[in-house]
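**Student:** Quick one: the structure is below, questions incoming.
Number of protein chains: 2
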Amino acid sequence: MGTTERRERQRQELRKQILEAARELFATEGYESVTMRRIAEKIEYSPTAIYFHFKDKEALIRELCTTDFLALAFQFQKIARIADPIDRLRRIGLAYLEFALEHPNQYRLMFMTPHPPVEPEEGLLEKGNPEQDAYAFLRATIENARNARLFRPEFGDADQLAQLFWAGMHGVISLHLAKANDPWVPWKPVQTTSKLLLEGLVRGFTCKNTRAAPPSAAKRPKAKR
Amino acid sequence: MGTTERRERQRQELRKQILEAARELFATEGYESVTMRRIAEKIEYSPTAIYFHFKDKEALIRELCTTDFLALAFQFQKIARIADPIDRLRRIGLAYLEFALEHPNQYRLMFMTPHPPVEPEEGLLEKGNPEQDAYAFLRATIENARNARLFRPEFGDADQLAQLFWAGMHGVISLHLAKANDPWVPWKPVQTTSKLLLEGLVRGFTCKNTRAAPPSAAKRPKAKR
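Order-wise, the sequence lines are chains Z and F.
Following our numbering, the numbering of the first sequence begins with 8 at its first residue and continues without gaps.
Following our numbering, the numbering of the second sequence begins with 8 at its first residue and continues without gaps.
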């Protein structure tokens, strides 16, 4: 390996370290209170080294949000081909849970940490495109189910329904991430609560006669699961 | 007013200031990263003044948790006399939302901020007593409804059901507190989403034939609302 190549690899490695340190600090200490100096200290570099890679905190949060929201949308793409929209909705819920448990710092930063509005990096994350925008993917799935008249009309439009499903799953996950160690509550496993909540929401929001069978029903083809 | 009385009032006033500053800092910057010095700086007192009132961070979080969880249990006591357990469950959800919107810093500290386990102050908050322990109040309401066979059996025991309802409401509230300013999502009002979610959960978890009517139904007596 030549010198140029090695330097480039070191540069990328440091960039990654900075991003990971920033993500963890923003998620645990709050975006507002973390300084560039604090991030530098955490990885034992000088602030100058950090500024060489990122001009300010805003550049850091922009790159983190772009990367992390794209990763979630990518997770959803694996289930984009499931034809039944209610089944797809269930799988979105489970994919969201899986993402949170595998990447808790990402999840905390994306959904539990207030920060100023962020414009994603140019050309990387197109709002409203279900392949890049996880909310748009959820909304499109809901819209499919609404068009097939699967939802009870009193639960509102596609944005309302998307926010209802999202809030439900976010509640289980974020209580788990913030309070799983609290001995006051005899916690049930997060996976069990998530699956039961998903079933409850599907049952609660869909019409009785058009409701799809839960994934455990025998008539659902195995290939889809 | 005599000197002793004035001093005592000043002492109580400073104590309150310290607690409020600590609550806000713990909730926004994380319990672990906040120091006694940081709390002192925020209210422009010397660290010595703070230590005179609270021996360490643990004493602060213990008092905050005791006060705030008692306040929530007190909020629930207003609805303890509602006889229909499903109706009481709905009202718990709405009282929880109201508490969160009126006391967002309290809510953030209680349910969104990781901290070491806290033993409440001696004799003030008795675990399992629904008059003092908000989780026990929710659980007892669920147990009443379960005893009347109102829930579908597949949604589990009283702890499981309590955590399902709690998670649902927490999801709406905590997304609102963390992300209401995020322009990426066309947010629906938090009150609307909360009420629809409550209805969806009741519909999803209860048996069809025993389900109580939603609060808007004409046959519910007005005196109860």
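The beta-carbon is built from N, C-alpha and C at its ideal position, and this holds for glycine as well.
Is the shortest distance between the beta-carbon of Pro137(F) and the beta-carbons of chain Z less than 9 Å?
**Tutor:** Within the second sequence, the letter at position 130 stands for residue 137(F). Judged by the 9 Å Cβ criterion, Pro137(F) is not in contact with chain Z.
**Student:** Restricting to Cα atoms, I'd like to know which of Tyr103(F), Tyr114(F) and Leu182(F) is closest to Lys85(F).
**Tutor:** Taking the first residue of the second sequence as 1, we reach residue 85(F) at position 78. That would be Tyr103(F), whose Cα lies nearest to the Cα of Lys85(F).
**Student:** With distances taken from CA atoms, which of Arg16(Z), Asn136(Z) and Phe172(Z) is nearest Leu205(F)?
**Tutor:** Here residue 205(F) is taken as the residue at index 198 of the second sequence, counted from 1. Among Arg16(Z), Asn136(Z) and Phe172(Z), the Cα nearest to that of Leu205(F) belongs to Phe172(Z).
**Student:** Please report the distance separating the alpha-carbon of Val179(F) from that of Phe212(Z).
**Tutor:** The residue given as residue 179(F) occupies position 172 in the second sequence. The residue given as residue 212(Z) occupies position 205 in the first sequence. Near 16 Å, if we compare the C-alpha coordinates of Phe212(Z) and Val179(F).
**Student:** Assuming Lys49(F) contacts Ala66(F) under a Cβ cut-off of 8 Å, what Cβ separation, rounded to an integer in Å, is found between them?
**Tutor:** Reading the second sequence from its first residue, position 42 is the one you call residue 49(F). Reading the second sequence from its first residue, position 59 is the one you call residue 66(F). Actually they are not in contact, since the Cβ atoms of Lys49(F) and Ala66(F) sit about 17 Å apart, beyond 8 Å.
**Student:** How about Leu184(F) and Ala107(F): are their beta carbons less than 9 Å apart?
**Tutor:** The sequence position of residue 184(F) within the second sequence is 177, counting from 1. The sequence position of residue 107(F) within the second sequence is 100, counting from 1. The answer is yes: Cβ separation under 9 Å.
**Student:** By Cβ distance, which residues of its chain are closer than 6 Å to Gln113(Z), with the 5 residues on each side in sequence left out?
**Tutor:** As a first step, residue 113(Z) is located in the first sequence; it is residue number 106 there, counting from the start. Counting only Cβ-Cβ distances below 6 Å, and skipping sequence neighbours, we find Asp75.
**Student:** Rounded C-beta distance between Gln139(F) and Leu132(F)? I'm assuming under 8 Å.
**Tutor:** Stepping through the second sequence from its first residue, residue 139(F) is reached at position 132. Stepping through the second sequence from its first residue, residue 132(F) is reached at position 125. About 5 Å; that satisfies the 8 Å criterion.
**Student:** Going along the chain, which residues of its own chain have a beta-carbon closer than 6 Å to the beta-carbon of Cys214(Z), five neighbours each way excluded?
**Tutor:** Taking the first sequence and counting its residues from 1, one reaches residue 214(Z) at position 207. Correct list, in chain order: Arg159.
**Student:** Take Phe162(F) and list the residues in its own chain whose beta-carbon comes closer than 7 Å to its own, dropping the five residues that flank it on each side.
**Tutor:** Position 155 of the second sequence, counted from the start, is the residue given in the question as residue 162(F). Cβ within range, chain order: Leu168, Leu171 and Phe212.
**Student:** Can you list the residues of chain F that Lys186(Z) reaches, using a CB-CB cut of under 8 Å?
**Tutor:** Locating residue 186(Z) in the first sequence gives position 179, where the first residue counts as 1. Those are Phe118 and Pro121, listed as they occur along chain F.
**Student:** Give the secondary structure of Thr120(F) by DSSP, where H, G and I count as helix, E and B as strand, and everything else as coil.
**Tutor:** Indexing the second sequence from 1 puts residue 120(F) at position 113. Residue state, collapsed to three classes: coil.
**Student:** Excluding the 5 residues preceding and the 5 following Leu32(Z) in the sequence, name in chain order all residues of the same chain whose CB lies nearer than 8 Å to its CB.
**Tutor:** Within the first sequence, the letter at position 25 stands for residue 32(Z). If we look at Leu32(Z) and ignore the five residues flanking it on each side, its Cβ neighbours are Val41, Arg45, Ile46 and Lys49.
**Student:** For Thr200(F), return the contacting residues in chain Z, with the cut-off set at a CB-CB distance below 8 Å.
**Tutor:** Looking up residue 200(F) in the second sequence gives position 193. Those within 8 Å of Thr200(F) in chain Z are Gln167, Gln170, Leu171 and Ala174.
**Student:** Mapping the DSSP letters down to three states, classify Thr148(F) as helix, strand or coil.
**Tutor:** Within the second sequence, numbered from 1, the residue matching residue 148(F) stands at position 141. Three-state DSSP puts Thr148(F) in a helix.
**Student:** With a CB to CB cut of under 7 Å and the five nearest residues on each side skipped, what residues in its chain are close to Leu71(Z)?
**Tutor:** Here residue 71(Z) corresponds to residue number 64 of the first sequence, with the count starting at 1. Excluding residues within five positions, the ones whose Cβ falls inside 7 Å are Leu26, Ala29, Arg30 and Leu116.
**Student:** If you reduce the DSSP assignment to three classes, tell me which class Thr55(Z) lands in.
**Tutor:** Within the first sequence, numbered from 1, the residue matching residue 55(Z) stands at position 48. Note: Thr55(Z) maps to helix in three-state DSSP.
**Student:** How long is the line joining the alpha carbons of Asp63(Z) and Gln24(Z), rounded to whole angstroms?
**Tutor:** As a working mapping, residue 63(Z) is identified with position 56 in the first sequence. As a working mapping, residue 24(Z) is identified with position 17 in the first sequence. If you take the alpha carbons of Asp63(Z) and Gln24(Z), they lie about 16 Å apart.
**Student:** Do you know offhand how far Gln19(F)'s Cα is from Asp189(F)'s?
**Tutor:** Locating residue 19(F) in the second sequence gives position 12, counting from the first residue. Locating residue 189(F) in the second sequence gives position 182, counting from the first residue. Roughly 39 Å separates the two Cα atoms.
**Student:** Which residue wins for smallest C-alpha separation from Asn154(Z), given the options Ile68(Z), Asp91(Z) and Glu51(Z)?
**Tutor:** Within the first sequence, residue 154(Z) is the residue found at index 147, counting from 1. For Asn154(Z), the nearest C-alpha among the options comes from Asp91(Z).
**Student:** Could you give the uninterrupted runs of the beta strand (DSSP E) lying entirely in the region 50-111 of chain F, keeping only those of 3 residues or more?
**Tutor:** Those beta strand (DSSP E) runs which fall completely within the region 50-111 of chain F and span 3+ residues do not exist here.
**Student:** In chain order, what residues of the same chain lie with their CB nearer than 8 Å to the CB of Gln198(Z), ignoring the 5 residues before and after it?
**Tutor:** Locating residue 198(Z) in the first sequence gives position 191, where the first residue counts as 1. Result list for Gln198(Z): Leu104, in chain order.
**Student:** Since Leu182(Z) and Ala174(F) should fall inside the 8 Å C-beta cutoff, what is the C-beta to C-beta distance between them, to a whole number of angstroms?
**Tutor:** In the first sequence, the residue the question calls residue 182(Z) occupies position 175. In the second sequence, the residue the question calls residue 174(F) occupies position 167. Correct: roughly 6 Å between the Cβ atoms.
**Student:** Following the continuous alpha helix (DSSP H) through Phe162(Z), name the residue where it begins and the one where it ends.
**Tutor:** What you label residue 162(Z) is simply residue 155 of the first sequence in a count that begins at 1. That residue, Phe162(Z), is in no alpha helix (DSSP H); it is neither H nor E in DSSP.
**Student:** Give, in chain order, every residue of the region 11-36 of chain Z whose Cβ lies closer than 8 Å to some Cβ of chain F.
**Tutor:** Hits within the stretch, in order: Thr35 and Glu36.
**Student:** Drop a sphere of 10 angstroms on the beta-carbon of Arg210(F), count the other beta-carbons inside from all chains shown, and report buried for 16 or more, exposed for fewer.
**Tutor:** Sequence index remark: in the second sequence, residue 210(F) carries index 203 (1-based). Burial call: buried.
**Student:** Under a CB-based cut-off of 9 Å, is Gly130(Z) close to chain F?
**Tutor:** By one-based count along the first sequence, residue 130(Z) stands at place 123. Output row for Gly130(Z): interface = no.
**Student:** Quick check on the DSSP output: the alpha helix (DSSP H) that includes Thr11(Z) runs from which residue to which?
**Tutor:** Counting from one through the first sequence, the residue named residue 11(Z) turns up at place 4. Where Thr11(Z) is concerned, the enclosing alpha helix (DSSP H) stretches over Thr10 to Glu36.
**Student:** Considering Leu203(F), what are the terminal residues of the alpha helix (DSSP H) in which it resides?
**Tutor:** Numbered from its first residue, the second sequence carries residue 203(F) at position 196. Element bounds for Leu203(F): Val197 to Phe212.
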